[in-house]
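Below is one structure, written out as structure tokens; comments come after it.
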């Protein structure tokens, strides 16, 4: 604080429920609650860390991030000018499982025709050509997708000019299996055609 050295404080956080699950899965005790429930330790930790959270320059919510996702987010935040261009991550998800916390833009594609109600398509995913073809029969799909690209593409150079290095676009449908997956992949393909590096993750496709 009293030196001329610039210090950047990074704070990693996580939902209490998700953090509790991580302790349970690894069978570890919380260091602040060795002989008490994990939830007590999490609560105590949050109280101790609150002053640091208030002073943090960057806060990363790891609740739904893999190690790779976290690395990309940190790399994207600290890439210097002249480095790689804006890195885009597109995440498909199910609304019933909650919004991705890391999302910068959220798209709701539940208005599109739903393959779930077609018996022979139900068990397939938006990665299958049959699903892609079916959703494209929706009379509103082409117009929607054209307007979506017309909105997003001009934003990317503006984000880059403002120093943003990492952008997460979340695409959601009811179950996170058909429509959101298809649109996420379709959008990624269009952005790659425009020479933008894109990572795609299907959070709720199991």
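Numbering (my numbering), first residue to last: 1240 to 1445.
All C-beta atoms, glycine included, are put in the ideal place defined by N, C-alpha and C.
- Between residue 1380 and residue 1374, the CB-CB gap stays under 8 Å.
- Assignment of beta-bridge partners to residue 1298 by DSSP yields 1250.
- If one requires a minimum length of 4 residues, the alpha helix (DSSP H) runs lying completely within the stretch 1357–1388 are 1368–1374, in chain order.
- Apart from the 5 residues on each side of it in sequence, residue 1311 sits with its Cβ closer than 7 Å to the Cβ of 1326, 1328, 1405 and 1438 in its chain, given in chain order.
- Judged by DSSP in its simplified three-state form, residue 1437 adopts strand.
- With respect to the 8 Å criterion, residue 1354 and residue 1409 are not classified as neighbours on the basis of their beta carbons.
- For residue 1330, the enclosing beta strand (DSSP E) has its first and last residue at 1326–1333.
- Residue burial is scored here from C-beta neighbours: residue 1402 has fewer than 16 other C-beta atoms within 10 angstroms and is therefore classed as exposed.
- The secondary-structure analysis by DSSP pairs residue 1409 across a beta bridge with 1330 and 1345.
- Non-local C-beta neighbours of residue 1283 in its own chain, meaning closer than 6 Å and more than five positions away in sequence, comprise 1271, ordered along the chain.
- By the neighbour-count definition (other C-beta atoms within 10 Å, threshold 16), residue 1390 is an exposed residue.
- When DSSP states are grouped into helix, strand and coil, residue 1354 belongs to the helix group.
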